[in-house]
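Chemist: Following this message is one structure expressed as structure tokens.
Number of protein chains: 2
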Amino acid sequence: MEIDYTNIKVVGFDADDTLWINETYFRDAEIEFAKLMAPYETANKVDQELFKMEMKNLPLYGYGVKGFILSMVEMAMVLSNGNVSNETIDSILNIGKNMINKPVELLKGVEEVLDELSSKYRLILATKGDLLDQERKLEKSGLLDRFHHIEVLSDKKEENYSRLLKHLDIAPNEFLMIGNSLKSDIIPLVNIGAQAIHVPFHTTWAHEQVTQEETNGKNYKTHSSLLEILNTLN
Amino acid sequence: MEIDYTNIKVVGFDADDTLWINETYFRDAEIEFAKLMAPYETANKVDQELFKMEMKNLPLYGYGVKGFILSMVEMAMVLSNGNVSNETIDSILNIGKNMINKPVELLKGVEEVLDELSSKYRLILATKGDLLDQERKLEKSGLLDRFHHIEVLSDKKEENYSRLLKHLDIAPNEFLMIGNSLKSDIIPLVNIGAQAIHVPFHTTWAHEQVTQEETNGKNYKTHSSLLEILNTLN
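Keeping their order, the protein sequence lines are chains A and B.
The first sequence begins at 155 in the working numbering and counts up by one.
The second sequence begins at 155 in the working numbering and counts up by one.
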């Protein structure tokens, strides 16, 4: 079935791993953390346990680097049976600070796509990361003026997007979301009658994985690169 | 000079210490932290040093509980010369988790004021806290449906408010901000030509203190309680 984009007024872009590299930095941080935990556990086990700790803390800390650092600190104390050194905890804090200070590496075609679309649509950045982090990245990226504003969602579920549409004062079929996560950027949108285009990134956080059942019969497009969007929306 | 509120379309409310108690919980947490640090330093010195650490980390972590916890962990390692126990660090993490889980205690008159104003104006919550925290508090408070949406600002300076007005598509004189912090909720608004009403809270974070020079000649009202706003806007 051909998808009709003629109603679209606002285009929402996911930020991390859609506009710029992010997940790669988390993977690198996990590797560094596993090295620090090598006296206590295998890298594989550390990874698994850290993920469990993050999931346990997610309702409290939400998404973003700060919650990730706090989970690593807590995990280090558990894995070491309460014997981790201050030096190691300091190294963990530094892993986090380095993540926050990472340069912004734009993905291919981002500038071209935003330039082209910003003349036709109102563009917003819709992210569940930390606002300060995302603003900083947007400023470093030089893309700030292509976006009307940043929309921070505490989560990216149907109810969060419904609230966003109410806030934007538009109908669902006037909104198009573009992002790399089927779970966060695509399925909830399609479920509330909005549009979505999936542009996968090579790495996906375990928490963002979906089953084929969840995507079955859903009406959205997948593009292998952002640049293809220009063909779709032109 | 009489202030004219007839143009107002959108009223922004600060959240912490304007709608509900917040600063008190930070003060309590600082007292608990000072007790944990008693083997190393006097409470007074711990307070001073923690504030310095928070200011040092503010550009990285921004506002909110998570950055506060991370600063306490880092501070504990510094104050103890790298000898703080895992047990103490765990207690620090728990101070933070307890803060996040605190019940929401509404300040006097909040419900009445919001009920009355929400029939005449579009109300938004404008906060520089953590979105997840603020959403959680808003839900616990039962006030969610009085607000059009939550606006999270990475900081509350003139440029942040100017961006907010652009986002709301309104002129400065169509916006009224209500809050407890002269530095964050009042002065920047008055400086960009918007309206502001100051409702002080009994405790103000050192970072939010202002000098008389900064408020001199600024055109805003001060009310000793939220309920007085109803007289002003009626």
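For every residue, glycine included, the Cβ atom is placed at its ideal position computed from N, Cα and C.
Given the structure is predicted, the values throughout are model-derived calculations rather than measurements.
Just the C-alpha distance for D201 of chain B and F222 of chain A, rounded to the nearest angstrom, thanks.
Modeler: Spanning the two alpha carbons is a distance of roughly 26 angstroms.
Chemist: So T386 of chain A packs on I341 of chain A, CB below 8 angstroms; how close in whole Å?
Modeler: Not quite, the Cβ-Cβ distance comes to about 19 angstroms (not below 8 angstroms), so this is no contact.
Chemist: Among A:A325, A:S316, A:S245 and A:V165, whose alpha-carbon lies nearest the alpha-carbon of S106 of chain A?
Modeler: Given that chain A is displayed from residue 155 to residue 388, the structure contains no residue 106 of chain A and the question cannot be resolved.
Chemist: Would you tell me roughly how many angstroms separate the C-alpha atoms of A280 of chain B and P354 of chain A, rounded to the nearest one?
Modeler: Looking at the two C-alpha atoms, the distance is approximately 34 angstroms.
Chemist: Quick one: any contact between the segment 232-244 of chain B and the segment 229-247 of chain A, if contact means 3 or more CB pairs under 8 angstroms?
Modeler: Flag = yes, the segment 232-244 of chain B and the segment 229-247 of chain A touch.
Chemist: Using the Cβ count rule (16 or more neighbours within 10 Å means buried), how would you classify L209 of chain A?
Modeler: Checking the sequence, you will find Met at residue 209 of chain A rather than Leu. Burial call: exposed.
Chemist: State yes or no: is the C-beta of I324 of chain B within less than 7 angstroms of the C-beta of K163 of chain B?
Modeler: Yes, the Cβ-Cβ distance between I324 of chain B and K163 of chain B is below 7 angstroms.
Chemist: For V165 of chain B, decide whether its Cβ has a neighbour in chain A, counting only Cβ atoms nearer than 7 angstroms.
Modeler: For V165 of chain B, the answer is no, since every Cβ of chain A falls outside 7 angstroms of its Cβ.
Chemist: What number of angstroms, rounded off, separates the C-alpha of D170 of chain A from the C-alpha of N176 of chain A?
Modeler: Approximately 5 angstroms, taken between the alpha carbons.
Chemist: Any beta carbon of chain A sitting closer than 7 angstroms to that of L212 of chain B?
Modeler: Not an interface residue.
Chemist: Buried or exposed: where does A360 of chain B fall if 16 or more other Cβ atoms within 10 Å of its Cβ makes it buried?
Modeler: Exposed, since its Cβ has fewer than 16 Cβ neighbours within 10 Å.
Chemist: Give a yes or no on whether the C-beta atoms belonging to V227 of chain A and G250 of chain A are separated by under 7 angstroms.
Modeler: No. Outside cutoff.
Chemist: Look at the alpha carbon of F205 of chain A and the alpha carbon of N198 of chain A, and state the distance between them as a whole number of angstroms.
Modeler: Their backbone Cα atoms lie some 11 angstroms apart in a straight line.
Chemist: With 16 as the cutoff for other CB atoms within 10 Å, does S308 of chain B come out buried or exposed?
Modeler: By the neighbour-count rule (16 or more Cβ atoms within 10 Å), S308 of chain B is buried.
Chemist: Name the two residues that bound the continuous alpha helix (DSSP H) containing I185 of chain A.
Modeler: It spans E177 to L190 - the alpha helix (DSSP H) in which I185 of chain A sits, taken as one unbroken run.
Chemist: Which residues in the same chain as S379 of chain B place their Cβ atom closer than 8 angstroms to its Cβ, once the five residues preceding and following it in sequence are excluded?
Modeler: The answer, listed in chain order, is K262, G263 and V353.
Chemist: Whose C-alpha, out of A:S239, A:S225 and A:Y215, is nearest the C-alpha of A183 of chain A?
Modeler: Of A:S239, A:S225 and A:Y215, the residue nearest in Cα terms is A:S225.
Chemist: In chain B, which residues lie less than 8 angstroms from R317 of chain A when you measure between Cβ atoms?
Modeler: Those within 8 angstroms of R317 of chain A in chain B are H303.
Chemist: Against chain B, which members of the segment 340-361 of chain A pass a CB distance test of less than 9 angstroms?
Modeler: Here the close residues number zero.
Chemist: Do L336 of chain A and F329 of chain A come within 7 angstroms of each other at the CB atom, strictly closer than that value?
Modeler: It is not a contact, given that the beta carbons lie outside the stated cut-off.
Chemist: If I measure Cβ to Cβ from V258 of chain A and keep anything under 6 angstroms in the same chain, skipping five residues before and after, which residues do I get?
Modeler: So the list reads W174, K291, K294 and S295, once near-sequence residues are dropped.
Chemist: Are the C-beta atoms of E228 of chain B and some chain A residue less than 7 angstroms apart?
Modeler: Yes, its Cβ sits closer than 7 angstroms to a Cβ of chain A.
Chemist: Following the continuous alpha helix (DSSP H) through R300 of chain B, name the residue where it begins and the one where it ends.
Modeler: Where R300 of chain B is concerned, there is no enclosing alpha helix (DSSP H), given that its DSSP letter is neither H nor E.
Chemist: Quick check on I162 of chain A: does DSSP put it in helix, strand or coil?
Modeler: It is coil, neither helix nor strand.
Chemist: Between the Cα of A192 of chain B and the Cα atoms of B:H303, B:T178, B:E362 and B:V238, which residue gives the shortest distance?
Modeler: When only C-alpha atoms are compared, the closest one is B:V238.
Chemist: Would you mind sorting N334 of chain A into buried or exposed? The rule is 16 or more other CB atoms within 10 Å of its CB.
Modeler: By the 10 Å Cβ count, N334 of chain A comes out buried.
Chemist: So, for N161 of chain B: in the same chain, excluding its five sequence neighbours on each side, which residues have a beta-carbon less than 6 angstroms away from its beta-carbon?
Modeler: So the list reads N327 and E328, once near-sequence residues are dropped.
Chemist: Output yes if chain B places a C-beta closer than 7 angstroms to the C-beta of E208 of chain A; else output no.
Modeler: Chain B contact via Cβ: absent.
Chemist: Which residues in the same chain as V364 of chain B place their Cβ atom closer than 8 angstroms to its Cβ, once the five residues preceding and following it in sequence are excluded?
Modeler: Here the set comprises L336, K337 and I341.
Chemist: If the cut is a Cβ gap below 8 angstroms, which residues of chain A does E241 of chain B touch?
Modeler: G236, listed in chain order.
Chemist: Taking CB distances under 7 angstroms as the criterion, tell me whether E390 of chain B reaches chain A.
Modeler: Residue 390 of chain B lies beyond the residue range present for chain B, which begins at 155 and ends at 388; the question has no answer from this structure.
Chemist: Would you kindly report the start and end of the unbroken beta strand (DSSP E) that includes F329 of chain A?
Modeler: F329 to G333 is the extent of the beta strand (DSSP E) around F329 of chain A.
Chemist: Check each candidate in B:E312, B:N370 and B:L277 and name the one with the smallest Cα separation from H302 of chain B.
Modeler: Per the Cα distances, B:L277.
Chemist: Compare the C-alpha of F187 of chain B against each of B:L247, B:H356, B:R300 and B:Q349 and name the closest.
Modeler: Cα-wise, what sits closest to F187 of chain B is B:L247.
Chemist: Assuming the contact rule is C-beta atoms closer than 8 angstroms, I157 of chain A and N373 of chain A should be a hit. Round their C-beta distance to whole Å, please.
Modeler: I157 of chain A to N373 of chain A, Cβ: 7 angstroms. Contact.
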